[in-house]
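**Q** One point on numbering: in my numbering, the residue at position 84 of the sequence shown is 85, and numbering is uninterrupted. All C-beta atoms, glycine included, are put in the ideal place defined by N, C-alpha and C.
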Amino acid sequence: MNISFCGMCRSPVKPAWPSRMKRREFLWEGGGLAAALWLPAGPAISAPVVEVAMAGRADGSRVWFDPMGVLIRPGQTVRWTNTDKGNSHSATAYAPENFDHPRRIPDGAKPFSSDYLLPGETFEVTLTVAGVYDYFCIPHELSGMVGRIVVAKPGQTDFRPYPDDDLDQVILDGFPPIAVILAKGEIHPEEQ
Ligand SMILES: [Cu+2]
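1) Could you pull out every residue in the same chain whose Cβ sits closer than 7 Å to the Cβ of V151, ignoring the five residues on either side in sequence?
2) So, at 6 Å on beta carbons, what are the nonlocal neighbours of L128 in its own chain, with the 5 sequence-adjacent residues on each side left out?
3) Exposed or buried, which one is P119 when buried takes at least 16 other CB atoms within 10 Å?
4) Check the C-beta distance from A94 over to S62 and give it rounded, since I have them as a contact under 8 Å.
5) Whole angstroms is fine: what's the gap from A45's alpha carbon to K185's?
6) Is V171 helix, strand or coil by DSSP?
7) Can you determine whether any heavy atom of ligand 1 sits closer than 8 Å to the C-beta of N99, and answer yes or no?
8) Specify the secondary structure class of L119 as computed by DSSP and reduced to three states.
9) Quick one, which of D165, I172 and S91 has its alpha-carbon nearest E122's?
10) Consider the C-beta atom of M55 and the heavy atoms of ligand 1; say whether any pair is separated by less than 8 Å.
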């Protein structure tokens with residue numbers, strides 16, 4: 002099991018993505034691309050603003066984005082809200098501009114970062130370039146607090162996965178597979 006340590010509270014933190022879920026999603030993925038062609042998209046795709054919560058247990062032993070994976074259309078706005086009373090969080094795109102991280106956003110897309118959000122604070126960004134956007138929480142990346150947004154034109158499924166980029170396994174495990182996001186529209190962590 003992957004156990005890492007919360008940078009702020011020094012307590013062990015488990016990744017938000019339970020291994021039980023991973024197995025199930027893996028089975029899903031086989032039919033994911035085909036399913037994406039006909040399955041209805043999740044509710045996020047029709048929302049004027051797509052909401053993502055930055056959440057955590059009261060004792061800080063787990064932190065996560067919810068949804069951790071979401072499908073939207075070009076031009077939609079994503080709004081993160083820190084709903085965690087006990088922690089600061091960020092939504093920070095993978096890009097060299099952000100702490101020298103590998104670029105995991107589409108060509109032509111502008112890297113974003115909310116910087117630290119206190120409880121109750123929000124940050125929003127409008128994503129116009131289609132592609133896959135991976136992002137992390139500055140203090141909790143190594144606890145697996147990462148997320149993925151797929152910005153797809155209607156019918157678009159030709160997304161290539163990013164290389165592993167020497168990222169820790171706990172981080173890679175935190176990105177829901179692209180095909181599953183395309184098929185389900187929204188991926189929520191299981192009960193925390
Ligand atoms: Cu965080």
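**A** By the coordinates alone:
1) Walking along the sequence shown from the start, residue 151 turns up at place 150. Cβ within range, chain order: L72, V133, F160, I179, I182 and L183.
2) Position 127 of the sequence shown, counted from the start, is the residue given in the question as residue 128. For L128, where only same-chain residues beyond five positions count, the Cβ hits under 6 Å are V152.
3) Looking up residue 119 in the sequence shown gives position 118. A small correction: the amino acid at residue 119 is Leu; Pro does not occupy that position in the sequence shown. It is exposed - the Cβ of L119 has fewer than 16 other Cβ atoms within 10 Å.
4) Against the sequence shown, residue 94 aligns to sequence position 93. Against the sequence shown, residue 62 aligns to sequence position 61. Between S62 and A94 the Cβ distance is about 26 Å, and since that is not below 8 Å, they are no contact.
5) Translated into the one-based positions of the sequence shown, residue 45 becomes position 44. Translated into the one-based positions of the sequence shown, residue 185 becomes position 184. One C-alpha to the other measures close to 10 Å.
6) On the sequence shown, residue 171 is found 170 positions in, with the first residue counted as 1. Here V171 sits in helix by DSSP.
7) The residue given as residue 99 occupies position 98 in the sequence shown. Not so, every heavy atom of ligand 1 lies at least 8 Å from the Cβ.
8) Here residue 119 is taken as the residue at index 118 of the sequence shown, counted from 1. Reduced to three states, the DSSP call for L119 is coil.
9) Along the sequence shown, one-based indexing puts residue 122 at 121. Per the Cα distances, S91.
10) Residue numbering aside, residue 55 sits at position 54 when the sequence shown is read from its first letter. Correct: M55 has its Cβ closer than 8 Å to ligand 1.
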